[in-house]
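FYI, in this note's numbering the residues of the sequence shown are 193 to 483.
C-beta atoms are modelled at their ideal positions from N, C-alpha and C, and glycine is treated no differently.
What follows is a single structure, written as structure tokens, with notes after it.
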Amino acid sequence: MDNPPIAEALEEPRPTVTFLPEEYMKANDFQRTLNIRTLERLGTSFKSRPNTGQQFVDIGCGTGDFTLQDLLPRCQPCRRIVATDIGESMVRFARENFAHPQIEYQVHDISTDVSGLVRKYGRFNRVYSFFALHWVKDHVTAFRNISDLLTSGGECLLIFVARSTCFEIWRRIAQMDRWKAYGEVCEKFIPDSHDLEDHPSLISYMLDILKTVNLKPHACEILTKASLAEDLEETIRMNIAVLPFLPLLPVESRARYKDDLENVIRSHWKQSNDGDPHYYSDMFVVHAGKS
């Protein structure tokens, strides 16, 4: 397939993560539920309570619905939330559909220099990020940038995928002749942590990163979401919604890729043993502070 966006993506260390906002909003219930549970469980463990002089940043705000409807009410009182996302289409969608006087939506890539954000807004008392950091290939740089965004004594609460069956599904599709041209790009969206063997290895990986960037861990956990037979249709919808390279495909090829994705997931389901999880995701949950 001759596709300029893919050719350009192959030249980049990691292509820009781009989602279709309308597709994403159809299948973010799982993420929203886990985000809320984590906020309710760990939100009370922040060392300082919010006040009208504090500002927070939400990295990877996506469509903005969660930032407005769920995060902002749990951050009151505060001065503002700066909600960032790498995707211009996401930020535009958020501004148009989920605007609020206390939220400023901003295009920014957390894997790049944050000095511009600091000059514009100052440093932040809290950094939040929900289901975004697994799209960053260089976690050390991203976490160093998070540290640079924080005030002295500031804290971060982060949730992101460590390992997932979805990445194996992508690899299986990339073995098909018609999609082999996309295999290299696919790998660029799979985090290094996905190939670690077990939970202790994942915890060690994350603690090493926190130590490297001088963030003190208050909590570092792995949460596992296992999907069984009854979750098949929802799993298919979620996988289509979070395909970061779907917008890189020619428009006329996207329906075919979605069909192949659905067929591979159904085949994987049939191969799973009865009673075993058909599909899993391990998530990092990190609460850390800057001294």
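Open item on the list: Please report the distance separating the alpha-carbon of residue 225 from that of residue 435.
Closed with: Roughly 20 Å between the two C-alpha positions.
- [ ] Mind listing, in chain order, the continuous beta strand (DSSP E) runs of no fewer than 3 residues lying wholly within the segment 394-458?
- [x] Counting only runs of 3 or more, we get 407-419.
Open item on the list: Restricting to Cα atoms, I'd like to know which of 389, 388, 387, 366 is closest to residue 378.
Closed with: Measuring from the Cα of residue 378, the nearest candidate turns out to be 366.
Task: Whole-Å CB distance - residue 277 paired with residue 299, under 8 Å assumed - done: Contact holds; Cβ gap of about 7 Å.
Task: Inter-residue spacing [alpha-carbon to alpha-carbon] between residue 193 and residue 261 - done: A caution first: residue 193 carries a pLDDT of 41, below 50, which makes its placement in the model too unreliable to give a value.
TODO: Mark residue 443 as exposed unless 16 or more other C-beta atoms lie within 10 angstroms of its C-beta, in which case mark it buried.
DONE: Residue 443 comes out exposed.
Task: Proximity of residue 319 and residue 349 at Cβ, strictly below 9 Å - done: Closer than 9 Å, so yes.
Open item on the list: Taking 9 Å as the threshold (C-beta atoms), are residue 251 and residue 331 in contact?
Closed with: Going by beta carbons, residue 331 and residue 251 fall outside the 9 Å limit.
TODO: Grab the span of the beta strand (DSSP E) containing residue 349 for me, first residue to last.
DONE: In the DSSP annotation of this structure, the continuous segment of the beta strand (DSSP E) that includes residue 349 starts and ends at 342-356.
- [ ] Give the DSSP-derived three-state secondary structure of residue 307 in the structure shown.
- [x] Residue 307 falls in the helix class under three-state DSSP.
Open item on the list: Between the segment 336-352 and the segment 224-239, can you find at least three pairs of beta-carbon atoms closer than 8 Å?
Closed with: Result yes; three or more Cβ-Cβ pairs closer than 8 Å.
Task: residue 361 - DSSP class collapsed to helix/strand/coil - done: Residue state for residue 361 is assigned as helix, using DSSP reduced to three classes.
Open item on the list: Can you find the residues in the same chain that come closer than 8 Å, C-beta to C-beta, to residue 344, ignoring five residues on each side of it along the sequence?
Closed with: Same-chain partners within the cutoff: 482, 483.
TODO: Check whether the segment 379-388 touches the segment 353-371, taking contact to mean three or more Cβ pairs, one atom from each stretch, closer than 8 Å.
DONE: Verdict: yes, contact present.
Open item on the list: Can you give me the C-alpha to C-alpha distance between residue 398 and residue 414, rounded to a whole angstrom?
Closed with: For the pair residue 398 and residue 414, the Cα-to-Cα distance works out to about 10 Å.
- [ ] Can you grab the Cα-Cα spacing for the pair residue 338 / residue 405, in whole Å?
- [x] C-alpha separation (whole angstroms): 9 Å.
TODO: Report the rounded CA-to-CA distance for residue 448 versus residue 271, giving the unit in angstroms.
DONE: Taking the straight line joining both Cα atoms gives about 47 Å.
Open item on the list: Just to confirm before moving on: does the CB-CB distance between residue 409 and residue 478 stay below 9 Å?
Closed with: Between residue 409 and residue 478, the CB-CB gap stays under 9 Å.
Open item on the list: Is it buried or exposed, residue 368, if we count other Cβ atoms within 10 angstroms and call 16 or more buried?
Closed with: Around the beta carbon of residue 368, fewer than 16 other beta carbons lie within 10 angstroms, which makes this residue exposed.
Task: Inter-residue Cα distance where the pair is residue 460 and residue 480 - done: So the alpha carbons of these two residues sit roughly 37 Å apart.
TODO: Just mark residue 244 as buried or exposed, buried being the case when its beta carbon has 16 or more other beta carbons within 10 Å.
DONE: Exposed, since its Cβ has fewer than 16 Cβ neighbours within 10 Å.
Task: Nearest neighbour of residue 220, chosen from 317, 209, 247, 255 [CA to CA] - done: The shortest C-alpha separation from residue 220 is found at 255.
Open item on the list: Closest to residue 303 by C-alpha separation, out of 274, 281, 273, 341, would be which residue?
Closed with: Closest option to residue 303, Cα to Cα, is 341.
Open item on the list: Check for me: the beta strand (DSSP E) holding residue 472 runs from which residue to which?
Closed with: Per DSSP, residue 472 belongs to the beta strand (DSSP E) from 471-482.
Task: Integer-rounded CB distance, given that residue 296 should sit under 8 Å from residue 274 - done: Indeed they touch by this definition, with Cβ atoms about 5 Å apart.
TODO: Select from 322, 470, 418 the residue whose C-alpha is nearest the C-alpha of residue 228.
DONE: Between residue 228 and the set 322, 470, 418, the nearest pair of CA atoms involves 322.
Task: residue 316, DSSP secondary structure in three states - done: It is a strand residue.
Task: N-terminal and C-terminal residue of the beta strand (DSSP E) that residue 299 is part of - done: Here the beta strand (DSSP E) through residue 299 covers 295-299.
- [ ] Evaluate residue 431 with the Cβ neighbour count: other Cβ atoms within 10 Å of its Cβ, from every protein chain shown; 16 or more gives buried, anything less gives exposed.
- [x] Residue 431 should be labelled buried.
- [ ] Classify residue 268 as helix, strand or coil using the three-state DSSP reduction.
- [x] Here residue 268 sits in coil by DSSP.
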